[in-house]
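Asks: Numbering (UniProt numbering), first residue to last: 1 to 655.
I have a structure here, written as structure tokens, and I will follow up with some questions on it.
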């Protein structure tokens, strides 16, 4: 089996048994015959049959007694020493990395000691997928039932789990991740069956470096959360681990990241959720959250420990609360390969939607400089989006001042202008200040909009081409506002981005009715397509899933030490690039999720090319050589060849 591509290495348990057996053998060999014959002698060894007489040295082993392949016990510690091959087939079946269930060939069953331990009939991985998919889609099966079924499958057969996820990604992505994973996180302590990933608690401070060595030596992607803002559900503490696990499952399925090289993490700094603190089964640190310097010390130690152990790994920050998300990103963005999906990932997918809308209108990405944006919501998500759109405008030729002038930011107090008194130390003030400073406040005698002007007045006066919602205020985009958007634009771009559906600024039905189906609509939550007076309006969903798999894959393959704004912009331009003319005519501004692996190839390739252009390439210049010889086609071939695909491979033991 020298050429077998998949070699099963001896596990830690196997190694322990092997060493124990070897030491027992050495111990027996060192015993004088008289000592060995006295099984009750201090420090001696007894076989499973205490009364059996040991054979002479060199003699054939007896059926009972001192056969060293049988169990032996050290008198003082009662340690059972097992032959390395004992029950190895059962161990294969209990290991989700190597278990194939009914997918072992006859030759493999013999080789691995599995024959007789599984049903005799062979089923291919395709047949296994069909069977599980049929069972999962029986009438009455809830989304939560499907989530639990998928977790159980992952616990027993990891390859089959990922194959099923790849084959049915469009249907299973909402099960593995949002929205279903949110429901799972609410009860994660009680659903906990098998540990996945690593938990770094406030009690472990000072030990993070050592703890990193409890994991595998090779890691490509880390998703870490502090559980403080899980999918809009609030503070779930250590139960946020479900988010990290689910996100990495999508990395594997969507970008072909090796599942053996991912690490889900949670930073457990306590929780302010009183219900969890009162729950006797909550498995996290049972006290209030750390604040201030103590909190940032935990994050800093984690990042430094990651950098020490896996200097080339990508760290994705996930579901950190607003007050910490941007400061953490700024603090570490230039120190380690990292990004925040809630801030940067959301911003990239929104920009990709704007680029897609430009294409649907027959325009180029550069025409973003001619758009006027009204952004509703001045939190981390809203300002992250506004900042990135501003960066894109500058990238396409505007000065920073010209770009700021094309934004109107509205928060719960109304329009933000230079008259707004902002606390420099308040969360988000640093991001909001340049947008506020660029907008002079008017009065009743001025043509300029006044400080605190309501949204309807802002839309009426500013005549925006793009209306963005990141406010989490249900129905904020009223019929009046949507109608105004339709009056000012032949095809208004309307983006209610807040999650979940119950917090969306408007529905697809409302947007279609108010604009006669002319709107280019994109939301953060799923909505139905609409038809008004014979006109079709496609309900796009701006899912971060379009972004992070390819962005992560490209950053790793190119060996970059930093994810720049240019690389993020390249990802945004790549996402809608695969849309055909018919799709654009229907108002589709994002490709289908079922094609996510192809999308990730495009995104990764664009990110890699931009990294080379900016001089951020590592890996000894390999990517620039491929670009020079074969162009983007060569890069795409290289990316595809680097992606993991879940399939059964021949397995052998390695001793």
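Cβ atoms here follow ideal geometry from the backbone N, Cα and C, with glycine treated the same way.
What residues are listed by DSSP as bridge partners for residue 531?
Replies: DSSP lists 536 as partners of residue 531.
Asks: Could you tell me which residues DSSP pairs with residue 338 in its beta bridges?
Replies: 315.
Asks: With the cut-off set at 8 angstroms, would you say residue 316 and residue 341 are in Cβ contact?
Replies: Yes, they are a contact pair.
Asks: Reducing DSSP to helix, strand and coil, say where residue 411 ends up.
Replies: Looking at residue 411 - three-state DSSP - the assignment turns out to be strand.
Asks: To the nearest angstrom, report how far apart residue 82 and residue 88 are at their CA atoms.
Replies: Bear in mind that the predicted position of residue 82 carries a pLDDT of just 32, short of 50, making it too unreliable to give a figure here.
Asks: Assuming residue 265 is part of the beta strand (DSSP E), what are its boundary residues?
Replies: From DSSP, the beta strand (DSSP E) with residue 265 extends over 262 to 268.
Asks: Please check the pair residue 388 and residue 359, which I expect to be a contact at CB under 8 angstroms, by giving their CB distance rounded to whole angstroms.
Replies: Rounded, the Cβ-Cβ distance is 19 angstroms, inconsistent with contact.
Asks: Please check the pair residue 552 and residue 221, which I expect to be a contact at CB under 8 angstroms, by giving their CB distance rounded to whole angstroms.
Replies: Residue 552 to residue 221, Cβ: 6 angstroms. Contact.
Asks: Can you grab the Cα-Cα spacing for the pair residue 247 / residue 534, in whole Å?
Replies: About 39 angstroms.
Asks: Can you grab the Cα-Cα spacing for the pair residue 307 / residue 336, in whole Å?
Replies: Going by the C-alpha atoms only, they are around 7 angstroms apart.
Asks: Looking at the strands, I want to know which residues DSSP matches up with residue 495.
Replies: According to DSSP, which records beta bridges pairwise, residue 495 is partnered with 468.
Asks: Residue 515 and residue 492: beta carbons closer than 8 angstroms?
Replies: Against a cut-off of 8 angstroms, the Cβ pair of residue 492 and residue 515 comes out as a contact.
Asks: Where does the unbroken alpha helix (DSSP H) through residue 548 begin, and where does it stop?
Replies: Residue 548 -> alpha helix (DSSP H) spans 548 to 558.
Asks: In or out: residue 225 buried (at least 16 other Cβ within 10 Å) or exposed?
Replies: Residue 225 should be labelled buried.
Asks: Expressed to the nearest angstrom, what Euclidean distance is found between the alpha-carbon atoms of residue 656 and residue 589?
Replies: The displayed coordinates of the chain run from 1 to 655. Any statement about residue 656 would go beyond what the structure contains.
Asks: I'd like the list of long-range same chain contacts for residue 532, defined as Cβ closer than 7 angstroms, with 5 residues on each side in sequence excluded.
Replies: Closer than 7 angstroms at the Cβ level, and outside the excluded window around residue 532, lie 512, 513, 516 and 517.
Asks: Out of 108, 181, 102 and 570, state which residue places its alpha-carbon closest to the alpha-carbon of residue 157.
Replies: Considering only alpha carbons, the answer is 102.
Asks: Under a three-way DSSP split, which group does residue 642 fall into?
Replies: Note: residue 642 maps to helix in three-state DSSP.
Asks: Let me know if residue 106 comes out buried or exposed under the rule of 16 or more other beta-carbons within 10 Å of its beta-carbon.
Replies: Exposed, because fewer than 16 other Cβ atoms sit within 10 Å of the Cβ of residue 106.
Asks: Given a cut-off of 8 angstroms, decide if residue 264 and residue 252 are closer than it, judged by their beta-carbon atoms.
Replies: Not closer than 8 angstroms, so no.
Asks: For residue 478, which beta-bridge partners are listed by DSSP?
Replies: BP columns for residue 478 are empty, so no partner.
Asks: Quick check on the burial criterion: 16 or more other C-beta atoms within 10 angstroms. Buried or exposed for residue 151?
Replies: By the 10 Å Cβ count, residue 151 comes out buried.
Asks: Leaving out the 5 sequence neighbours to the left and right, which residues in its chain are closer than 6 angstroms to residue 639 when beta-carbon positions are compared?
Replies: Excluding sequence neighbours, residue 639 sits near 601, 604 and 605.
Asks: Could you please give the first and the last residue of the uninterrupted alpha helix (DSSP H) stretch that includes residue 355?
Replies: Per DSSP, residue 355 belongs to the alpha helix (DSSP H) from 346 to 360.
Asks: Identify whether residue 473 lies in helix, strand or coil by the three-state DSSP scheme.
Replies: Three-state result, residue 473: coil.
Asks: With respect to the beta strand (DSSP E) encompassing residue 376, which residues constitute its N-terminal and C-terminal limits?
Replies: Unbroken beta strand (DSSP E) run through residue 376: 373 to 376.
Asks: Using only the heavy atoms of the ligand COA, determine whether one of them is closer than 7 angstroms to the beta carbon of residue 521.
Replies: The ligand COA is absent from the structure shown, which contains no ligand whatsoever.
Asks: Between 276, 213, 494 and 470, which lies nearest to residue 372 when the distance is taken from Cα to Cα?
Replies: Residue 494 is the option with its Cα nearest to residue 372.
Asks: In terms of alpha-carbon separation, which member of 473, 419, 407 and 430 lies closest to residue 459?
Replies: Nearest of 473, 419, 407 and 430 to residue 459, Cα basis: 407.
Asks: So, with DSSP's three-state summary, where would you put residue 322?
Replies: Note: residue 322 maps to helix in three-state DSSP.
Asks: One question on the structure: do residue 266 and residue 240 come within less than 8 angstroms of each other, judged by their Cβ atoms?
Replies: In this structure, residue 240 lies closer than 8 angstroms to residue 266 by Cβ.
Asks: Relative to the C-alpha of residue 404, which candidate in 573, 391 and 175 has its C-alpha closest?
Replies: Checking every option, the nearest Cα to that of residue 404 belongs to 391.
Asks: Using a 10 Å radius around the Cβ and a threshold of 16 neighbouring Cβ atoms, would you call residue 523 buried or exposed?
Replies: Residue 523 is buried by the Cβ-count criterion.
Asks: Measure the beta-carbon distance from residue 369 to residue 345 and round it to whole angstroms, keeping in mind my assumption that it falls under 8 angstroms.
Replies: Contact doesn't hold; Cβ gap of about 24 angstroms is too wide.
Asks: Give the DSSP-derived three-state secondary structure of residue 104 in the structure shown.
Replies: Three-state DSSP puts residue 104 in coil, outside helix and strand.
Asks: So what does DSSP say about residue 187, is it helix, strand or coil?
Replies: DSSP places residue 187 in coil when its eight states are reduced to three.
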